[in-house]
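Peer 1: Protein chains in written order, with our numbering: chain P, 2 to 344; chain F, 2 to 407; chain Z, 49 to 495.
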Amino acid sequence: MDAIILQILNGLDKGSAYALIALGLTLIFGTLGVVNFAHGAIFMLGAFTAVTLDRLLNMSFVTIDPTRTNFLGQPLEVKTPYIVSWFGDSIGNGIIDWAVPLSILFSIPIMLFIGYAMERGIIKHFYHRPHADQILVTFGLAIVLQEIIKAFFGANPIPTPAPAAFRGSFDFGVWLGFPANAIIYPYWRMIYFLFSAIVISGVFAFLRFTTFGMVVRAGMADRETVGLLGIDIDKRFTIMFGIAAAVAGLAGVMYAPINSPNYHMGMDFLVLSFVVVVVGGMGSLPGAVLAGFLLGVLESFASMNEIKSILPGIDQIIIYLIAIIILLTRPRGLMGRKGVMED
Amino acid sequence: MQLFGLSKKDTLFLLIVIFLTLATPILLQPFAEGSGLAQFNAGYPDLMQRFAIYGIFAIGFNILFGLTGYLSFGHAAFLGVGSYSAVWMFKLLTMNIIPGIILAVIVSGLFALLIGWISLRRSGIYFSILTLAFAQMSYNLAYSVLTPLTNGETGLQIRLSDPRILDGASAAGSLPTTNLFGLAMNDSVKMEFFGRLFTFNVGYYFSAVMAIIVFYIALRIFRSPFGLMLRAVKTNQTRLNYTGVNTRPYTLAAFVISGMYAGLAGGLLAAMDPLAGAERMQWTASGEVVLMTILGGAGTMMGPVLGAGFIKYFENIFSKINDNVLHNWFGPLPDGLENFLVDLVHPFVGKGWHLTLGMLFVLVVMFLPGGLVEGGQRIAALFRRKRKPDGSGPKHQPKQAPHVAE
Amino acid sequence: MSKLILTRRGLLKTGAVAGAGLAMPTVFASGAAAYTNEPKGGTVTLGFNVPQSGPYADEGADELRAYKLAVEHLNGEGDGGMLNTFSSKALKGNGILGKKVTYVTGDTQTKSDAARASAKSMIEKDGAVMITGGSSSGVAIAVQGLCQDAGVIFMAGLTHSNDTTGKDKKANGFRHFFNAYMSAAALAPVLANAYGKDRKFYMLTADYTWGWTQAASMKAFLEGAGWTMVKDVRTPLATTDFSSYIAPVMNSGADVLILNHYGGNMVNSLTNAVNFGLRDKMVNGKQFEIVVPLYSRLMAKGAGENVKGILGSTNWHWSLQDEGTKAFVKSFGTKYGFPPSQAAHTVYCQTLLYADACERAGTFNPCGVAEALEGFEFDGLGNGKTLYRADDHQCFKDVLVVRGKEKPTSEFDLLEVVEKTPVEKVRYEPDNPFFKGGSLGKCNPGA
Chain P
2 MDAIILQILN
12 GLDKGSAYAL
22 IALGLTLIFG
32 TLGVVNFAHG
42 AIFMLGAFTA
52 VTLDRLLNMS
62 FVTIDPTRTN
72 FLGQPLEVKT
82 PYIVSWFGDS
92 IGNGIIDWAV
102 PLSILFSIPI
112 MLFIGYAMER
122 GIIKHFYHRP
132 HADQILVTFG
142 LAIVLQEIIK
152 AFFGANPIPT
162 PAPAAFRGSF
172 DFGVWLGFPA
182 NAIIYPYWRM
192 IYFLFSAIVI
202 SGVFAFLRFT
212 TFGMVVRAGM
222 ADRETVGLLG
232 IDIDKRFTIM
242 FGIAAAVAGL
252 AGVMYAPINS
262 PNYHMGMDFL
272 VLSFVVVVVG
282 GMGSLPGAVL
292 AGFLLGVLES
302 FASMNEIKSI
312 LPGIDQIIIY
322 LIAIIILLTR
332 PRGLMGRKGV
342 MED
Chain F
2 MQLFGLSKKD
12 TLFLLIVIFL
22 TLATPILLQP
32 FAEGSGLAQF
42 NAGYPDLMQR
52 FAIYGIFAIG
62 FNILFGLTGY
72 LSFGHAAFLG
82 VGSYSAVWMF
92 KLLTMNIIPG
102 IILAVIVSGL
112 FALLIGWISL
122 RRSGIYFSIL
132 TLAFAQMSYN
142 LAYSVLTPLT
152 NGETGLQIRL
162 SDPRILDGAS
172 AAGSLPTTNL
182 FGLAMNDSVK
192 MEFFGRLFTF
202 NVGYYFSAVM
212 AIIVFYIALR
222 IFRSPFGLML
232 RAVKTNQTRL
242 NYTGVNTRPY
252 TLAAFVISGM
262 YAGLAGGLLA
272 AMDPLAGAER
282 MQWTASGEVV
292 LMTILGGAGT
302 MMGPVLGAGF
312 IKYFENIFSK
322 INDNVLHNWF
332 GPLPDGLENF
342 LVDLVHPFVG
352 KGWHLTLGML
362 FVLVVMFLPG
372 GLVEGGQRIA
382 ALFRRKRKPD
392 GSGPKHQPKQ
402 APHVAE
Chain Z
49 MSKLILTRRG
59 LLKTGAVAGA
69 GLAMPTVFAS
79 GAAAYTNEPK
89 GGTVTLGFNV
99 PQSGPYADEG
109 ADELRAYKLA
119 VEHLNGEGDG
129 GMLNTFSSKA
139 LKGNGILGKK
149 VTYVTGDTQT
159 KSDAARASAK
169 SMIEKDGAVM
179 ITGGSSSGVA
189 IAVQGLCQDA
199 GVIFMAGLTH
209 SNDTTGKDKK
219 ANGFRHFFNA
229 YMSAAALAPV
239 LANAYGKDRK
249 FYMLTADYTW
259 GWTQAASMKA
269 FLEGAGWTMV
279 KDVRTPLATT
289 DFSSYIAPVM
299 NSGADVLILN
309 HYGGNMVNSL
319 TNAVNFGLRD
329 KMVNGKQFEI
339 VVPLYSRLMA
349 KGAGENVKGI
359 LGSTNWHWSL
369 QDEGTKAFVK
379 SFGTKYGFPP
389 SQAAHTVYCQ
399 TLLYADACER
409 AGTFNPCGVA
419 EALEGFEFDG
429 LGNGKTLYRA
439 DDHQCFKDVL
449 VVRGKEKPTS
459 EFDLLEVVEK
469 TPVEKVRYEP
479 DNPFFKGGSL
489 GKCNPGA
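This is the structure we're talking about:
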């Protein structure tokens, strides 16, 4: 029983990550109709805003400590971050410790701008081009973004820990009446879950309850008519692209403490996020979120040894297997709209 | 001049392709040995083989994507299955490549039949994701639980202890080479003239002949009523369905044919180098053939081949340009300028070859919407415009462009 | 039908004739060469085939740095590095056999196909007489097979799988790096010593060949040391989030977690495990511990704070105090400003060992070089007395057991050497069940 509760927790957590990543993609791909292979790269850029802020806060001046030596036997250079020298040890290090949560504030404008620049610079020329061309241009863009990050930060993963206050884990088991250590879960993952719930509902509320959102939804359904009504739908689509980039970027920032970011982490999530969006159904935001959670939970269960012993290797293919089953039984995914990207 | 049931234009086009293919070992070796630019020569067996083989892969992919518009994102699975079947034939039966290649085509055809039969129930993006899912499942399983069949991470290789029941005992302690009735694939004739070293390799010519044959078949398909039907599917499948035409058999046939092309490419890869790795089936490999086709120009005859050549050239030639080579190039310049130029070029070559390729994708698709083929057409058009005033007219130009455009 | 048969026979004949016809000019063209790519001019070309893109690009970059340094030293430039401490004095700093050493580089992308393509272009286009490099076992084994067929020597870089010198060993291939069996043999006694005799361990294993050999070796040795295994769970290579594999560990009754992961997998699984708070827990009245059998300093950097106090093994570490290590660290550190990684060390040694073997054999012929390397005993390359065993072309030397340092003084100072397990403790017979099957075959000079 406790094993099952544990995997449900895991699944919800994984699912929230999948849903959050897919949400940004479905805004661009499912609704604006752009096959965006650069989405993974945007997610990666988000994670690297956290890395960059961490680096900036750690900007140091060098003092020579003649009493100690480095590996070549020369006097050791000791680095002290400017922040520590300005604010003193405890406050300075405290600020550095909170780099990841702080970078949420920075990443929103940065990612909005990146999304805006991408759409105005490149994507807007491709709304009416074949999907094949969209794939080529966004894939090329993704490679360029990755290589730029690699040139600055190298190929190795870069540790970006959560603040000390959120490290460690919470014992759910005791709370539910199980023995100690039966069900433990890290604080940061719970925060990730809450965070994605907030972001997802924020995006939903925005599209549902604001005039802006209403116009965008109308534009998705019938771009031409909305245009004829004298509404500048292009401008709104640009803003939507920015919002999508910000959502993907936030998913990346919050993910940084879970797995150390590296330059190709976006590619690892790219295929998965496409699968989630399509399984959810093209053009459906709730579909993408639902599919994210569904795949997350099923993937967690598939990793249980009890199940792997019956079906060896099931955890290798579960996501794809579920995708095939759903797409064969429901022609347009879970909640897809008719006529979106069907030809 | 009308040959092989092709129109006059197509015959000329085919003859040009045959000439270019056969002359590749000479054409790709334009720079003298030992000169700084020899780095850009591509006329060595392995790369030429890859040009021909990935050309076949892309031509086959284009039969599906270029004609019907169905974008398969899992075509690498057929390539991988073809490679595995061929290597198994080399292990069990004989190092003669014919049985291996035949089995590769058959097995990948059957695999394509199965996947196509299921995936073609959906269209558009749903079809793409279904093919992607099948290919990723194949890759993940080949890498892990199917290791007894695929040798997982290391890749399936031939061993001394394999039975090879049709072959006699090979020389003790050394692995046999793949061959065509005794003619080894890695045999080469090297000739040196004009200070250039030309390598005429058996394996390349075998792949080249196969490439020409399948190019001819693809040309026939493009011009046939069947090809017309496939184009009709691309234009408006719903209307076809309403007029009472069942399009499934046509699209399925196209899917299987292009799967068999991929299998042939996989079999040839194994024949040139008897190793089959699981990475051949990964989504990035499927994505690569999509990129090749679009980069070259989807739906055209020459485009996918050009795109394949382009990407493979970057992967193999640009990745090898290191700082040492750069210093050699710019060595004659004054030191300051030399270092400046090296620093300037450095991020785009060697380990930065991905960056150059990515920028190229963006630039090509921005400025040449029809792919590299359109670039060729524009250059040709430029020449034509220039020639006109002096009266020679367009007749002397090879009439390539009009055929390839769709 | 009869026509078909005729055609086939005709083809056979033509095949034979064409074969003979084609074979002649080949012999003519390469008749003067006794082996593949015999160096004719005043230079000899080596092929450095390392990952320059993909997850191991940084390790590849470090390997390339070491290769460049080795070439400098061989050509008599720089301070000579380990040439001064190497027990064999055949190398004189005038290149190899009087020929200046040049090199070509390529990108393996950590994929067997790309690695073979890159190695082939070095052999076919650039005339490389030796290929070296690699940062994973799959690639090393694939390229080793290629070099065997092509008739050049392969000096393996970072490859840890038992198979490289086990069932996939080749006469033209040589490995200086240690392997999974040696890691387990060295680690087990240290673990039993540090954590007690009656421990229960749980393993997470990367689900591919290297992971399996590592897991099997660990299991054999830990059970030999009196520990009991609770479970060995396979994780897909593509896993990035290990939470669903780590969450059940606490409740399984195990008190040690062994992560048979490497590279990106290892960074993520270790980070996840530490985030789950496993190391703060007490199980069965004992402190819960995590072990990473194969450490790489470059990758450990990616896991940051999480490596502190975690035991593992490594081929070499820059903080060793022997003369060879000091000389190498000094010339590497002076040139690049930071200490070399174990990957850099092993490829530097491999290059020197190859050059030295050529000098002693008096030829670049792979068969001569292989003979000179087989059974070669040397010292002064940082690992103490080392033997290149003739039976399987594996180096036998001491293995280092290391621990993540609690108080690092710099970003490179991540590991501390806990114990140097002497070579006798990790030695095995060539027919050991972990290595049997496969044979070296005969050396192939090509041409």
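Glycine residues also receive a C-beta, built at the ideal position from the N, C-alpha and C atoms.
1. The beta strand (DSSP E) that contains A254(Z), what's its start and end?
2. Taking CB distances under 8 Å as the criterion, tell me whether P226(F) reaches chain P.
3. Who are the neighbours of E148(P) on chain F, taking C-beta pairs under 7 Å?
4. Cβ of K484(Z) less than 8 Å from any chain F Cβ?
5. Among T394(Z), E86(Z), S458(Z), V322(Z), which has the Cα closest to the Cα of T373(Z)?
6. Under a CB-based cut-off of 8 Å, is A324(P) close to chain F?
7. In its own chain, which residues sit with a C-beta less than 8 Å from the C-beta of I130(F), not counting the 5 before and 5 after it?
8. Residues of the region 215-243 of chain Z with a CB closer than 7 Å to any CB of chain P: list them in chain order, please.
9. For a cutoff of 8 Å on Cβ pairs, would you count L15(F) as touching chain P?
10. Going along chain F, which residues have a C-beta under 8 Å from K159(Z)?
11. Is the region 174-188 of chain Z touching the region 105-114 of chain Z, taking contact as three or more C-beta pairs under 8 Å?
12. Is R113(Z) near A392(Z), with beta carbons less than 8 Å apart?
13. Using a Cβ-Cβ cutoff of 9 Å, what residues of the region 62-96 of chain F are near chain Z? List them in chain order.
14. DSSP three-state call for P73(Z): helix, strand or coil?
15. Mind pulling the alpha helix (DSSP H) runs of 4 or more residues that sit fully within the region 344-392 of chain Z?
16. Going by DSSP, what residues sit across from A277(F) in a beta bridge?
17. If you measure between the beta carbons of L24(P) and V298(P), is that distance less than 8 Å?
18. Can you give me, in chain order, the residues of the region 155-169 of chain P that have a beta carbon less than 9 Å from any beta carbon in chain Z?
19. Taking the C-alpha atoms as reference points, what is the distance between G359(F) and V278(Z)?
20. Taking C-alpha atoms, which residue in A198(Z), V339(Z), S367(Z), P99(Z) lies nearest to V355(Z)?
21. Can you give me, in chain order, the residues of the region 284-305 of chain Z that have a beta carbon less than 8 Å from any beta carbon in chain P?
22. Name, in chain order, the residues that DSSP records as bridge partners for T181(F).
23. What's the gap between the Cα of K245(Z) and the Cα of R223(Z)?
24. Quick check on the DSSP output: the alpha helix (DSSP H) that includes E316(F) runs from which residue to which?
25. Which of the three DSSP states, helix, strand or coil, is assigned to G486(Z)?
26. A498(Z) and N97(Z) look like a contact to me (Cβ under 8 Å); what is the Cβ gap, rounded to whole Å?
27. Which residue comes first and which comes last in the alpha helix (DSSP H) that contains T330(P)?
28. Would you mind reading off the limits of the beta strand (DSSP E) that contains E211(F)?
29. Within the continuous alpha helix (DSSP H) that includes I54(F), where are the two ends?
30. So, under 8 Å CB-CB, A78(F) and G101(F) are touching, yes? Tell me the CB distance rounded to an integer number of Å.
31. Out of T362(Z), I294(Z), G301(Z), R327(Z), point me to the one whose CA is closest to Y310(Z)'s CA.
32. Just reading off the alpha helix (DSSP H) that G288(P) is part of, what are its end residues?
33. Could you tell me whether the Cβ atoms of I315(P) and V280(P) are closer together than 8 Å?
34. Please identify the residue among N299(Z), N210(Z), D289(Z) whose C-alpha is closest to the C-alpha of T257(Z).
35. Verify the CB distance criterion: does N141(F) have a CB-CB separation below 8 Å to chain Z?
36. On the CB-based measure, 16 or more other CB atoms within 10 Å of its CB, does T213(Z) come out buried or exposed?
Peer 2: According to the structure shown:
1. Here the question's residue 254(Z) lines up with position 206 in the third sequence. 248-254 is the extent of the beta strand (DSSP E) around A254(Z).
2. The residue you call residue 226(F) lines up with position 225 of the second sequence. So no, P226(F) is outside the interface.
3. In the first sequence, residue 148(P) corresponds to position 147, counting from 1. Simply G353, H355, L356, G359.
4. Along the third sequence, one-based indexing puts residue 484(Z) at 436. False, the Cβ-Cβ gap to chain F never drops below 8 Å.
5. As a working mapping, residue 373(Z) is identified with position 325 in the third sequence. Of the candidates T394(Z), E86(Z), S458(Z), V322(Z), the one whose C-alpha sits nearest the C-alpha of T373(Z) is T394(Z).
6. Residue numbering aside, residue 324(P) sits at position 323 when the first sequence is read from its first letter. It does; some Cβ of chain F falls within 8 Å.
7. As a first step, residue 130(F) is located in the second sequence; it is residue number 129 there, counting from the start. Cβ within range, chain order: F74.
8. none
9. Counting from one through the second sequence, the residue named residue 15(F) turns up at place 14. No, L15(F) lies away from the interface with chain P (no Cβ there is under 8 Å from its Cβ).
10. For the purposes of this step, residue 159(Z) is taken as residue 111 along the third sequence, with counting starting at 1. Residues of chain F passing the Cβ test: G278, E280.
11. yes
12. Looking up residue 113(Z) in the third sequence gives position 65. Looking up residue 392(Z) in the third sequence gives position 344. A contact, by the Cβ cut-off of 8 Å.
13. none
14. Position 25 of the third sequence, counted from the first residue, corresponds to residue 73(Z). In this predicted model, P73(Z) has a pLDDT of only 37, less than 50, meaning its place in the structure is not dependable enough to derive any value.
15. 345-351, 371-384
16. Working through the second sequence from its first residue, we reach residue 277(F) at position 276. In DSSP, A277(F) forms a bridge with L157(F).
17. Residue 24(P) sits at position 23 when you count from the first residue of the first sequence. Residue 298(P) sits at position 297 when you count from the first residue of the first sequence. Not closer than 8 Å, so no.
18. G155, A156, N157, P158, I159, P160, T161, P162, A163, R168, G169
19. Looking up residue 359(F) in the second sequence gives position 358. Looking up residue 278(Z) in the third sequence gives position 230. Straight-line Cα distance between these residues: approximately 48 Å.
20. As a first step, residue 355(Z) must be located in the third sequence, where it is residue number 307. Checking every option, the nearest Cα to that of V355(Z) belongs to V339(Z).
21. P284, A286, T288, D289, S291, S292, Y293, A295, P296, M298, N299
22. Position 180 of the second sequence, counting from 1, holds the residue named residue 181(F). Rather than Thr, the amino acid found at residue 181(F) in this sequence is Leu. BP columns for L181(F) point to L184(F).
23. To locate residue 245(Z), count along the third sequence from 1; it is residue 197. To locate residue 223(Z), count along the third sequence from 1; it is residue 175. Approximately 34 Å between the Cα atoms of the pair.
24. As a first step, residue 316(F) must be located in the second sequence, where it is residue number 315. Unbroken alpha helix (DSSP H) run through E316(F): 304-318.
25. Taking the third sequence and counting its residues from 1, one reaches residue 486(Z) at position 438. Reduced to three states, the DSSP call for G486(Z) is coil.
26. Outside the shown range of chain Z (49 to 495) lies residue 498(Z), about which nothing can therefore be said.
27. In the first sequence, counting from the first residue as 1, residue 330(P) sits at position 329. First-last of the alpha helix (DSSP H) with T330(P): 315-330.
28. Residue mapping note: residue 211(F) aligns to position 210 of the second sequence, counting from 1. A small fix is needed here, since residue 211(F) is Met in this sequence, not Glu. Taken as a continuous stretch (DSSP letters only), M211(F) belongs to no beta strand (DSSP E), being part of the alpha helix (DSSP H) at 203-224.
29. Looking up residue 54(F) in the second sequence gives position 53. Per DSSP, I54(F) belongs to the alpha helix (DSSP H) from 46-69.
30. For the purposes of this step, residue 78(F) is identified with residue 77 of the second sequence, where counting begins at 1. For the purposes of this step, residue 101(F) is identified with residue 100 of the second sequence, where counting begins at 1. With 8 Å as the limit, A78(F) and G101(F) do not qualify as a contact, their Cβ atoms being about 18 Å apart.
31. Along the third sequence, read from residue 1 onward, the residue named residue 310(Z) stands at position 262. That would be T362(Z), whose Cα lies nearest to the Cα of Y310(Z).
32. Working through the first sequence from its first residue, we reach residue 288(P) at position 287. That run of the alpha helix (DSSP H) goes 286-303.
33. In the first sequence, counting from the first residue as 1, residue 315(P) sits at position 314. In the first sequence, counting from the first residue as 1, residue 280(P) sits at position 279. The answer is no: Cβ separation not under 8 Å.
34. Here the question's residue 257(Z) lines up with position 209 in the third sequence. If we check each option's Cα against that of T257(Z), N210(Z) comes out closest.
35. Taking the first residue of the second sequence as 1, we reach residue 141(F) at position 140. Answer yes: the Cβ-Cβ gap between N141(F) and chain Z drops below 8 Å somewhere.
36. Sequence index remark: in the third sequence, residue 213(Z) carries index 165 (1-based). Buried: at least 16 other Cβ atoms inside 10 Å.
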